[in-house]
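J.: Okay, here's the structure, questions in a sec.
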Amino acid sequence: MSGKTIFITGASAGFGAACARMFASGGNRLILTARRIDPLLKLQEELAADAEVHIIPLDVRDREAVQGAVDGLPERFRSIDILVNNAGLALGLEPAHQADPDDWDTMVDTNIKGVMYCTRFVLPGMVARNRGHIINISSTASDWPYPGGNVYGGTKAFVTQFSRNLRCDLLGTRVRVSCIQPGMAETEFSKVRFKGNEEKAAGVYQGTEPLTAEDIAETVRWITSQPPHVNVNTLELMSIDQAWGPFAIHREQK
Ligand code: NDP
Ligand code: 8X3
């Protein structure tokens, strides 16, 4: 993969930062975005020898800001070949009747609307050039429910189905859309979900070998390096230490 322009959301940590490192070679140009500017600056410095890096402080929930970021790209970064819609988060693990509705709004605004906005503003250029690849980061939570997954799982189900619907709209173009559904991976994800409670976050991965951010970046590398006529639609991956549970059954005490 060389000479490509790659736009990554949520590049300040986790999967996004790992994708930036993975793509930083062969004359690729990287557009790295997130809300926190300091980690982006550090990453820009780290990757400077291997890639041209343009950083943009961006909150994907802000539609005007997303449009402004795409429209305002410097000439050398305007022809985006790959969009990695990665920015996202889970907040809380309470049952629906106890969850914080503000957390629900934040997840919907970030995981659903952020993906919508970035896609909507990057896609016209891809269609006009008749080439491009959108990688949407969904989750196993998209297809497999778990207690407390309520709105997070719902937002990821949107990402999965939006990806499939995009393929329908783009049929007849050479623009590809792929959806990745990772299971448990150790990043800042659980720290964010548990609002800074490091102990609770560490407990999620304790005694397991979870997926890593680099595993997801490798998956992105594989998907994006398939021949142009091959579209990987959906790819689900999990740690060897994770699998599904049986149906839960409530039994009354006799
Ligand atoms: P991290 O918390 O490590 O990284 C999340 C990234 O998203 C950060 O760079 C963060 O940057 C960015 N982000 C969050 N909110 C916004 C926002 N409003 N605007 C712009 N950027 C934002 O988590 P992961 O790397 O694990 O998560 C990446 C994606 O993968 C998410 O969509 C997540 O749902 C999904 N996922 C994660 C799994 C896991 O187990 N880790 C498994 C399956 C899917 P900043 O705070 O600087 O804005
Ligand atoms: C992140 C994986 O299982 O915490 O999407 O929902 S999980």
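Per this note's numbering, residue 16 is the first one in the sequence shown, and the count goes up by one each step.
For every residue, glycine included, the Cβ atom is placed at its ideal position computed from N, Cα and C.
#1: For residue 96, count neighbouring C-beta atoms within 10 Å of its own C-beta (all shown protein chains included) and say buried if the count is 16 or more, exposed if not.
#2: Just confirm the distance between the C-beta atoms of residue 108 and residue 207, as a whole number of angstroms; I'd bet it's less than 8 Å.
#3: Measuring from each Cβ to the nearest heavy atom of the ligand 8X3, keep the ones under 5 Å and list them in chain order.
#4: By DSSP, does residue 111 sit in helix, in strand, or in coil?
#5: Buried or exposed for residue 262, going by 16 or more other Cβ atoms inside 10 Å?
#6: By alpha-carbon positions, which one of 65, 242, 256, 246 ends up nearest to residue 221?
#7: Just curious, the beta strand (DSSP E) that residue 196 is in, first and last residue?
#8: If you check the beta carbons only, do residue 185 and residue 174 fall under 8 Å apart?
#9: Run the CB neighbour count on residue 183, radius 10 Å, all protein chains shown included, and call it buried at 16 or more, exposed below.
#10: Does the ligand NDP have even one heavy atom less than 7 Å from the beta-carbon of residue 236?
#11: For my contact list, residue 166 and residue 123 are in at a C-beta cut-off of 8 Å; report their separation, rounded to the angstrom.
#12: Apart from the five residues on each side of it in sequence, which residues of its chain come closer than 7 Å, Cβ to Cβ, to residue 71?
#13: Report whether the distance from the Cβ of residue 149 to the nearest heavy atom of the ligand NDP is below 7 Å.
#14: Helix or strand or just coil, what does DSSP make of residue 52?
#15: Under 7 Å: does the beta carbon of residue 253 sit that close to some heavy atom of the ligand NDP?
#16: Measure how close the beta-carbons of residue 196 and residue 249 come, nearest whole angstrom, since I'm counting them as under 8 Å.
#17: What did DSSP end up calling residue 72 once you bin it into helix, strand or coil?
#18: With H, G and I counted as helix, E and B as strand and the rest as coil, what does DSSP make of residue 168?
#19: By the 10 Å Cβ neighbour count, where 16 or more other Cβ atoms means buried, how is residue 190 classified, buried or exposed?
#20: Mind checking whether the beta-carbon of residue 247 lies closer than 7 Å to any heavy atom of the ligand NDP?
T.: Judging by the given coordinates:
#1: buried
#2: Their Cβ separation, rounded to whole angstroms, is 12 Å, which puts residue 108 and residue 207 out of contact at 8 Å.
#3: 154, 156
#4: coil
#5: exposed
#6: 256
#7: 190 to 197
#8: no
#9: exposed
#10: no
#11: 7 Å
#12: 46, 48, 84
#13: no
#14: helix
#15: no
#16: 7 Å
#17: strand
#18: helix
#19: buried
#20: no
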